[in-house]
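When the letters of the sequence shown are read in order and numbered with the UniProt record's numbering, they come out as residues 1 to 257.
Backbone N, C-alpha and C fix where the C-beta goes; we use that ideal spot for every residue, glycine too.
All values reported here derive from a predicted model rather than from experimental measurement.
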Amino acid sequence: MPYLDLPTGRAYYRHWAAAEPRAAVVFLHGFGEHTGVYHRYGFALTAAGIDLWAADQLGHGLSPGDRGDFGSIEDSSALADALTEMAGRDGKPLIAQGHSFGAIVTLVRLLQQPDRYRAGVISGAPLVPNPAMLDSDTSIALDPGWLSEDPFYLDLLANDPLSFVDADGAPMVRELDRAWDRFGAELPKLTVPTLAVHGSADPIADVGAVRAYADQIDALDLYEVAGGRHDILNDVAHREVASAIVDFVRAKALGSA
C-alpha cells in the first residue's frame, strides 16, 4: 500500500489518476473521515481530466495516531506538502482543497503559500467557533444526519470500520482555536482564487460566516447548496457539487469555461 514517510509517522495516501490529467487537486479530509469515502468524488474529477491526491490524516483511516487527533495544523500542512511534491512533479496546475478541519488547514496554507497553488477549494469550513464545541465536555459525537442525507454515504458511515463519528475533540478544537484567532485579521488578505462549497443546512459549520467572508474577500466565492448538510461532497447533491468544483477548476486553474 502507498505510504508517505513523515516525521509524525507513515501516512496512507490515494491517487485517483485521470487518463490525460490537466490539473491536480491536493485534498485534506475532515474529522472521522478517510480517503476511502471519496471514491465518487475522485472518479468525478478524473472523468473531467483532473487528478486527485489525498491522504489519511493523523488519527484517521490507515494513518497512525490517536483516534480523531489530527495533530497540529503544521502536521496536516506537512502532509499536504508531501502530497503536493508528488502531484506537482510534471508541472500540472495545482489546486489545494480541504473539507471541514482540512478546509481550515487549506486556508492557512493558501495564506502562507499564495504562489504554490493556482486555486483553492474548501467545503464545510468552520470559519467561526461553534458554541457546542467549546463547552467543558470535549468529546465529540456527531449525528450522521448532520453530515449527509445520502443513503449510500450513511450506510458507508455505519458499516465502514475506518469511519467514525465520535472521539475526543479537544486536540482538534485547540487547533481550530488557533486558526480562528488568526482569520479575522488574515483571511481578508486571501489572494488565491478560492471556491467555498457549503450546505445551507450545515449544523456544524455556520454558512453565514462563509457568506460574510465571501462578501468582503474578492478571491473567495461561495457556492451554497440549498438544504445541504456538513459533508456536502458526499450529500445528496454530490454530483452538482462535483460539477461546480470542476467548472471552477477549469475557469481558475485552466483558463477555460
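| Item | Value |
| --- | --- |
| Outcome for residue 159 when other beta-carbon atoms lying within 10 angstroms are tallied against a minimum of 16 | exposed |
| Residue 141 (DSSP reduced to helix, strand or coil) | strand |
| Contacting residues, own chain, Cβ-Cβ under 8 Å from residue 198 (five flanking each side not counted) | 123, 124, 125, 205, 207, 210, 222, 223, 224, 225, 228, 232 |
| N- and C-terminal bounds of the alpha helix (DSSP H) containing residue 241 | 238 to 252 |
| Contact belief for residue 127 with residue 120 at Cβ below 8 Å, rounded distance in angstroms | With a Cβ gap of about 14 Å, residue 127 and residue 120 do not count as contacting. |
| Limits of the alpha helix (DSSP H) - the one that residue 153 falls within | 151 to 159 |
| Span of the beta strand (DSSP E) around residue 70 | Counting along the chain, residue 70 falls outside any beta strand (DSSP E), and DSSP gives it neither H nor E. |
| Alpha helix (DSSP H) runs contained entirely in the segment 1 to 41, provided each spans 4 or more residues | none |
| Which of helix, strand or coil DSSP assigns to residue 121 | strand |
| Cβ pair residue 129, residue 53 closer than 7 Å | no |
| Proximity to residue 201 [Cα-Cα], best of 26, 254, 149, 81 | 149 |
| Residue nearest to residue 60 in terms of C-alpha spacing, selected from 18, 31, 152 | 31 |
| N- and C-terminal bounds of the beta strand (DSSP E) containing residue 225 | 220 to 225 |
| Residue 238 versus residue 146 - alpha carbon distance | 15 Å |
| Beta-carbon proximity check, residue 108 vs residue 28, cutoff 7 Å | no |
| Buried versus exposed call for residue 243 [16 or more other C-beta atoms within 10 Å across all chains shown] | exposed |
| Sequence-distant residues of the same chain with beta carbon closer than 6 Å to residue 193, five excluded per side | 119, 219, 252 |
| In DSSP terms, what residue 53 is bridged to | 15, 26 |
| CA nearest to the CA of residue 17, picked from 151, 50, 89 | 50 |
| Option nearest residue 89 by Cα separation, candidates 139, 161, 26 | 26 |
| Coil, strand or helix - residue 216 by DSSP | helix |
| Reference residue 245, options 169, 113, 44, 79, closest by Cα | 44 |
| Other residues of its chain near residue 216: CB distance less than 8 Å, five sequence neighbours each side excluded | 188 |
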